[in-house]
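Comments concern the structure below.
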Amino acid sequence: MADREEILRVLDHFEAMVASRDMALLSEFADAPDTRLIGSELGEVATGPEEIEKLVQRLFDMPVAIAWEWRTRDVSSVGDVAWLYAEGHVVISRDASEHRSPYRLAGVLERRAGTWRWRLFYGSEPVPDR
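Residue numbers for the sequence shown follow my numbering, beginning at 1 and rising by one.
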């Protein structure tokens, strides 16, 4: 249960850093060549610290605010590895307008030296059933 609460705090902190466009967000990712940040758009795939930094900078340079509202947030863990699944909406705000889309997040985190770091952040905007 303690790991679950820690992981949810990591997710909350991640969201706050995105909201404030804080480049310290990069320190939330494991410093490993196979760490991945994958967003919901085709070009939003980054592997390793350098690519993740470029993608985060590109996202922060956009003239929009990005936030999430979750309906569910599930966490599981074994030892120093945890994975989470969250489902809800991404909220993109620009000027006085707001666009909401269904959003899913799957993530893998690894505890290193007592601190949880993202190894995989995978976000997607599911399309309606066909």
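For glycine and all other residues, C-beta sits at the position ideal for the given N, C-alpha and C. Model, not experiment: these values are computed from the prediction.
Coil, strand or helix - residue i by DSSP
i: ALA67; result: strand
i: PRO102; result: strand
i: GLY48; result: helix
i: LEU84; result: strand
i: GLU110; result: strand
Alpha carbon of residue i to alpha carbon of residue j, nearest angstrom
i: SER93; j: VAL81; result: 33 angstroms
i: PHE29; j: LEU42; result: 21 angstroms
Whole-Å CB distance - residue i paired with residue j, under 8 angstroms assumed
i: VAL90; j: SER101; result: 5 angstroms
i: GLY88; j: TYR103; result: 6 angstroms
i: THR35; j: ARG119; result: 5 angstroms
Of the listed residues the options, nearest to residue i (C-alpha basis)
i: ARG117; options: ALA96, SER40, LEU84; result: LEU84
i: SER27; options: ARG58, GLU50, ILE38; result: GLU50
i: GLU69; options: ASP3, ALA32, ARG4, ASP12; result: ASP12
i: MET62; options: VAL127, ALA32, ASP34, ALA19; result: ALA19
Cutoff 6 angstroms; reference residue i; Cβ partners in own chain excluding five residues on either side
i: MET1; result: none
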